[in-house]
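In this text, residue positions in the sequence shown follow this note's numbering: the first is 14, and each later residue adds one.
Here the structure is laid out as C-alpha coordinates; the discussion comes afterwards.
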Amino acid sequence: MSLSEIELEIVEKYELLGEKRYRVRIKGTSIYLNVAANNEQEAINKANKMIKELSLDKLVREIFK
14 MSLSEIELEI
24 VEKYELLGEK
34 RYRVRIKGTS
44 IYLNVAANNE
54 QEAINKANKM
64 IKELSLDKLV
74 REIFK
(Lines of atoms letter the chains of each structure in order from A and count residues from 1; the text may use other names and numbers.)
(Lines give C-alpha, C1' and ligand atoms only; values in the text may rest on other atoms or scores of the structure.)
Protein backbone atom coordinates (compact mmCIF):
# COMPACT_ATOMS: atom_id res chain seq x y z
CA MET A 1 0.00 0.00 0.00
CA SER A 2 1.53 3.26 -1.05
CA LEU A 3 0.98 6.61 0.59
CA SER A 4 -1.35 7.62 -2.23
CA GLU A 5 -3.58 4.60 -1.47
CA ILE A 6 -4.15 5.62 2.15
CA GLU A 7 -7.55 7.19 2.55
CA LEU A 8 -7.88 10.02 5.03
CA GLU A 9 -10.96 11.68 6.43
CA ILE A 10 -11.37 14.81 8.49
CA VAL A 11 -13.45 13.91 11.51
CA GLU A 12 -13.26 17.16 13.45
CA LYS A 13 -12.42 20.83 12.97
CA TYR A 14 -11.73 23.00 15.97
CA GLU A 15 -9.91 26.08 17.13
CA LEU A 16 -7.31 26.03 19.90
CA LEU A 17 -5.64 29.20 21.11
CA GLY A 18 -6.67 31.01 17.92
CA GLU A 19 -5.29 28.28 15.65
CA LYS A 20 -7.42 26.18 13.28
CA ARG A 21 -6.86 22.48 13.92
CA TYR A 22 -8.11 19.34 12.22
CA ARG A 23 -8.43 15.78 13.47
CA VAL A 24 -7.71 13.42 10.58
CA ARG A 25 -8.32 9.66 10.65
CA ILE A 26 -6.73 6.99 8.50
CA LYS A 27 -9.81 5.17 7.16
CA GLY A 28 -10.15 1.58 8.28
CA THR A 29 -8.08 2.20 11.43
CA SER A 30 -8.35 3.97 14.74
CA ILE A 31 -5.28 6.07 13.94
CA TYR A 32 -5.91 9.81 14.30
CA LEU A 33 -3.58 12.68 13.49
CA ASN A 34 -4.08 16.21 14.82
CA VAL A 35 -2.73 18.96 12.61
CA ALA A 36 -2.80 22.74 12.50
CA ALA A 37 -3.80 24.04 9.06
CA ASN A 38 -5.55 26.93 7.32
CA ASN A 39 -7.92 24.68 5.35
CA GLU A 40 -8.93 21.05 4.82
CA GLN A 41 -6.57 20.41 1.89
CA GLU A 42 -3.60 21.68 3.88
CA ALA A 43 -4.67 19.45 6.78
CA ILE A 44 -4.73 16.39 4.49
CA ASN A 45 -1.32 17.32 3.05
CA LYS A 46 0.18 17.71 6.53
CA ALA A 47 -1.35 14.41 7.66
CA ASN A 48 0.18 12.66 4.62
CA LYS A 49 3.56 14.17 5.48
CA MET A 50 3.26 12.94 9.08
CA ILE A 51 2.30 9.46 7.86
CA LYS A 52 5.42 9.32 5.69
CA GLU A 53 7.72 10.69 8.41
CA LEU A 54 6.41 8.20 11.00
CA SER A 55 6.34 5.28 8.53
CA LEU A 56 2.67 4.75 9.33
CA ASP A 57 2.09 3.65 5.75
CA LYS A 58 4.08 0.48 6.59
CA LEU A 59 1.94 -0.11 9.67
CA VAL A 60 -1.28 0.36 7.71
CA ARG A 61 0.03 -2.03 5.04
CA GLU A 62 0.47 -4.69 7.76
CA ILE A 63 -3.03 -4.06 9.12
CA PHE A 64 -4.65 -4.66 5.73
CA LYS A 65 -2.60 -7.73 4.72
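Ideal Cβ placement from N, Cα and C applies to all residues, glycine included.
Buried versus exposed, by CB contacts within 10 Å (16 or more), residue i
| i | result |
| --- | --- |
| I39 | buried |
| V37 | buried |
| Y45 | exposed |
| I64 | buried |
DSSP-derived helix/strand/coil call for residue i
| i | result |
| --- | --- |
| E18 | helix |
| K26 | strand |
| N58 | helix |
| I44 | coil |
| K33 | strand |
| K71 | helix |
Beta bridge counterpart(s) of residue i as assigned by DSSP
| i | result |
| --- | --- |
| R38 | E22 and Y45 |
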